[in-house]
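The structure under discussion appears below in the form of structure tokens.
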Amino acid sequence: RRSQPSWAALSTDERASRVLAAAEAGVAAVEAHDLARLLTREHGKTYVEAIFDTATMGGMAAAFAPVVAEALATRQLSGGTTQVEWVPHGVVAAILPFNWPVSVMANKILPALLAGDTVVVKAPPTCPGTVLLVAAAMAGVLPPGVLNVVNGPGAALGAALVGHPDVDMVSFTGGVRTGQAVMAAAAATTRPVVLELGGNDPAILAPDVTGDSELADRIVEAAFVTSGQVCMAIKRLYVHRDRMTATVDALAERLGREVVGDGLAEGVTMGPVHTAAARDRVEAMVAEAAAAGSTVLRPGRIRPSDDGGDGYFVSPALVLAPGADAKIVREEQFAPALPVIPYDDLDQAVDAANDTDFGLCASVWSNDDDLAADVAARLAAGTVFVNTHGLSSVDMYAPMGGWKHSGFGVELGTEGMQAFARQRVRVMRPGPADRGGRA
């Protein structure tokens, strides 16, 4: 709080210069101490995924810094007699999830710092180490108190942070129930929040799409990255009934090449899920669907030295034709299990895709541009992809936000940067005429 006024008083260019230097320090710490390896050890994701996660800070800073001046520029109205200016909130609480902690930290702290806010980061309690070290390296080149990080028990610390009287804005990524609690707590003081609360993303393969190896590669990447533990991963796949056999065969062949195991081991392509509770939950979902009559395919394999051990390893699953009320259809599985759902009519597929409490992302896949545009216009989600889906296709210059239970507000893009500031209108008129007769 004490550091914020002097940080906000710097020019936009000066803040951008210092944020770029801080991001470079964070990247240098990642490289010097191989923090990607640490992230794999504390999270479970593969080393390749951890490298990507920990490498994003520099690139995102380089993308955001040049556009902050335009995003937060003062507007002149009514011939200059009215000005609309952006001013920082003050102190921002940034609460991180476990799945992509460094990337999500970058999404939050970079625009906040550029806008003139100071930040308190809450590290994910189950994998805090990498966040703590990257944030410490960045804080070391910023003025004292501008970037801070706390760690501790998730619910208790989060509640204390959200309810703290010196916090002016909260940016949270995590589960729906926790996000609703954050919003309720923030409402008591009417402080603004940005919430990204997960998704149950549908992907619709139009009838003209053939299930081949190229399609399977793209669907598997979008659905099973980080063992399915990505908010914007494909969680439901809708396939025309006439294409089911070919599509399932192609997906099964592709998943058959996946090796689940220790994320640091050579040849492993998919790490464990993050917790025992996550493992048990998805296995229960798959078992429920199987008991109700769904065919379950487990084409991948767990590395022999990891099979039967203490790790939270889940062989990737295709769950064929589950009922509309199955938990694996209704809920976000956040694990490597994909329901593949047949449809007979494209309108039916769109209705089923939208029949969810979530609305983060969705996608339609077709070689017919007009058909794809029509379906995309009817999908109820904050981001709709065409012939792609997920993490690798996010445009950081566009806003990202969910509908329905998937969130409130946006990150990324100009709008995401503006979320970390508030508007002040200044209306100006000539001064009162001097009626005192002074020369």
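For the sequence shown, our numbering assigns the number 1 to the initial residue and increments by one for each residue that follows.
Just so you know, even glycine gets a beta-carbon here, dropped at the ideal spot from N, CA and C.
Residue i and residue j closer than 8 Å at C-beta
| i | j | result |
| --- | --- | --- |
| Ala139 | Asn151 | no |
| Val102 | Met57 | yes |
| Ser17 | Pro143 | no |
| Val92 | Ser171 | yes |
| Ala376 | Val364 | yes |
| Pro207 | Arg243 | yes |
| Ala123 | Leu96 | yes |
| Ala362 | Val384 | yes |
| Val273 | Val314 | yes |
| Met428 | Leu412 | no |
| Leu360 | Leu338 | no |
Through-space distance from residue j to residue i, alpha-carbon basis
| i | j | result |
| --- | --- | --- |
| Arg303 | Val260 | 6 Å |
| Ala252 | Val120 | 44 Å |
| Pro322 | Arg218 | 22 Å |
| Ala137 | His33 | 11 Å |
| Lys45 | Arg426 | 50 Å |
| Ala28 | Ser406 | 34 Å |
| Gly401 | Met183 | 16 Å |
| His43 | Arg378 | 37 Å |
| Val167 | Tyr47 | 35 Å |
| Ala335 | Arg298 | 13 Å |
| Pro432 | Gly79 | 20 Å |
| Leu195 | Ala106 | 15 Å |
| Ala216 | Arg301 | 18 Å |
| His389 | Ala233 | 7 Å |
| Ala439 | Thr414 | Here the model assigns Ala439 a pLDDT of 49, short of 50, so the residue's position is not dependable, and the following value carries that caveat. One C-alpha to the other measures close to 50 Å. |
| Arg191 | Gln180 | 14 Å |
| Asp344 | Ala324 | 15 Å |
Continuous beta strand (DSSP E) stretch holding residue i: start and end
| i | result |
| --- | --- |
| Trp7 | Careful: Trp7 lies outside any beta strand (DSSP E), inside the alpha helix (DSSP H) at Gln4 to Ala9. |
| Lys45 | First-last for Lys45: undefined, no H or E at that position. |
| Arg303 | First-last for Arg303: undefined, no H or E at that position. |
| Asn107 | Looking at the DSSP string, Asn107 is not in any beta strand (DSSP E); the run it does join, the alpha helix (DSSP H), is Pro101 to Ala115. |
| Ser171 | Met169 to Thr173 |
| Glu288 | Looking at the DSSP string, Glu288 is not in any beta strand (DSSP E); the run it does join, the alpha helix (DSSP H), is Ala276 to Ala291. |
Assumed close pair residue i, residue j - CB separation to whole angstroms, cut-off 8 Å
| i | j | result |
| --- | --- | --- |
| Leu205 | Val248 | Leu205 to Val248, Cβ: 11 Å. No contact. |
| Pro111 | Phe420 | 5 Å |
| Ala326 | Glu288 | 7 Å |
| Arg236 | Ile341 | 6 Å |
| Gly198 | Gly175 | 6 Å |
| Ala250 | Gly211 | 4 Å |
| Thr12 | Leu72 | 7 Å |
Sequence-distant residues of its chain with Cβ nearer than 6 Å to residue i (five each side left out)
| i | result |
| --- | --- |
| Asn387 | Trp365 |
| Arg75 | Val84 |
| Met270 | Ser227, Glu258 and Val260 |
Contacts around residue i, its chain only, beta-carbon distance under 7 Å, and the 5 residues preceding and following it disregarded
| i | result |
| --- | --- |
| Val141 | Ala21, Ala22 and Ala25 |
| Leu371 | Ala206 |
| Ala65 | Ala16, Val19, Leu20 and Leu114 |
| Leu35 | Ala29, Thr54, Thr130, Leu133 and Val134 |
| Arg1 | Val91 and Asp166 |
| Thr356 | Asn200 |
Short CB-CB distance (under 8 Å) between residue i and chain B
| i | result |
| --- | --- |
| Phe334 | No chain B appears in this structure, which consists of one protein chain only. |
Contact set for residue i: own chain, Cβ-Cβ below 8 Å, skip 5 residues either direction
| i | result |
| --- | --- |
| Ala8 | Val87, Pro88, Gly116 and Asp117 |
| His164 | Ala93 |
Span of the alpha helix (DSSP H) around residue i
| i | result |
| --- | --- |
| Val134 | Gly129 to Ala139 |
| Ser213 | Ser213 to Phe224 |
| Val27 | Thr12 to His33 |
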